[in-house]
Amino acid sequence: MIPDWASERSAMVARQLRARGIRDPRVLRAMGEVPREEFVPDELRLLSYRDEPLMIGRGQTISQPFMTALMAECLELEGPETVLEVGAGSGYHAAVLGLLAKKAITVEIVPALAKLAERNLAKTGRLGNIRVVAGDGSAGCPEYAPFQAISVAAGAPDVPGALVDQLCEGGRLVIPVGPLSDQSLLVVTKRRGGNTETRTAGHCRFVPLRGEEGWR
Ligand code: SAH
1 MIPDWASERS AMVARQLRAR GIRDPRVLRA MGEVPREEFV PDELRLLSYR
51 DEPLMIGRGQ TISQPFMTAL MAECLELEGP ETVLEVGAGS GYHAAVLGLL
101 AKKAITVEIV PALAKLAERN LAKTGRLGNI RVVAGDGSAG CPEYAPFQAI
151 SVAAGAPDVP GALVDQLCEG GRLVIPVGPL SDQSLLVVTK RRGGNTETRT
201 AGHCRFVPLR GEEGWR
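Sequential numbering of the sequence shown, starting at 1, is according to the working numbering.
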């Protein structure tokens, strides 16, 4: 029997997001719209709306729905922004960002996953305002900078300076920072004049950010 994806999706939004404090109506709507089952490998499809991360190949994961929603909410997107995502993976999170902002650029260091993200975004008709770039995003993506928002989907040892540099004044960066075993989800806001303010939005465990400004 084919699952009723739409009702699984709305149950996920109600039980995993709304009930746990995700409030931004645009985030809740976007999470209720993107077909997560199209971004999950065939053999795990039945688990698409589980409250957990899932393996997508090459040792990488698609984040738990709550984490995708929390990170998106932390960016406080209103619609006109250009957003950078580091770590495209399956392309799911980028699809959510594409609904929340004017344009999303997502960078992926594993070439096969960059292709997977592009394929998943194409088959769900979401490539219109999303660009998948294959490469190391730990130092950002200078050709598309600056960004009003940056979302990093892999754990970093520190906040990469290049990402702060590529953030507009008033912009926000959300990034897991800390040891490989567990990280703090940091939200860095760049104030006028370039000073930054940082708060912690929670604890998390992400796959490592590799590359020039990641774990070597
Ligand atoms: N956002 C994804 C989940 C990403 S998992 C989704 O919704 O499916 C983290 C991803 O970051 C992995 O695919 C990993 O290959 C990628 N990654 C790790 N270091 C990177 C780097 N320096 N630049 C770009 N991508 C990176």
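Note that beta-carbon positions come from the ideal geometry of N, C-alpha and C, so glycine has one too.
As assigned by DSSP and simplified to three states, the class of residue i
i	result
Lys-102	coil
Cys-141	coil
Gln-166	coil
Gln-16	helix
Arg-218	Not covered by the structure: residue 218. The range shown for the chain is 1 to 216.
Ala-149	strand
Leu-180	coil
Gly-87	coil
Ala-201	strand
Asp-4	coil
Leu-75	coil
Glu-118	helix
Distance, residue j Cα to residue i Cα
i	j	result
Gln-60	Ala-72	20 angstroms
His-93	Val-110	16 angstroms
Pro-176	Asp-182	9 angstroms
Asp-24	Gly-32	12 angstroms
Glu-81	Leu-75	10 angstroms
Ile-22	Ile-150	19 angstroms
Val-34	Leu-100	12 angstroms
Arg-9	Leu-180	31 angstroms
Ser-63	Gly-193	34 angstroms
Gly-155	Leu-44	24 angstroms
Pro-53	Pro-65	8 angstroms
Asp-51	Met-12	8 angstroms
Arg-131	Met-1	35 angstroms
Leu-186	Lys-123	33 angstroms
Val-27	Ala-69	6 angstroms
Thr-200	Ser-184	6 angstroms
Which residues DSSP lists as bridging residue i, in chain order
i	result
Lys-190	Thr-196
Arg-172	Ala-149 and Thr-189
Gln-60	Gly-57
Val-107	Val-86 and Val-133
Ala-156	Val-177
Selected residue, minimal CA-CA separation from residue i, among the options
i	options	result
Leu-113	Arg-216, Arg-29, Met-55 and Gly-170	Met-55
Leu-97	Ala-139, Asn-120 and Ala-30	Ala-30
Lys-102	Met-67, Phe-147 and Cys-141	Phe-147
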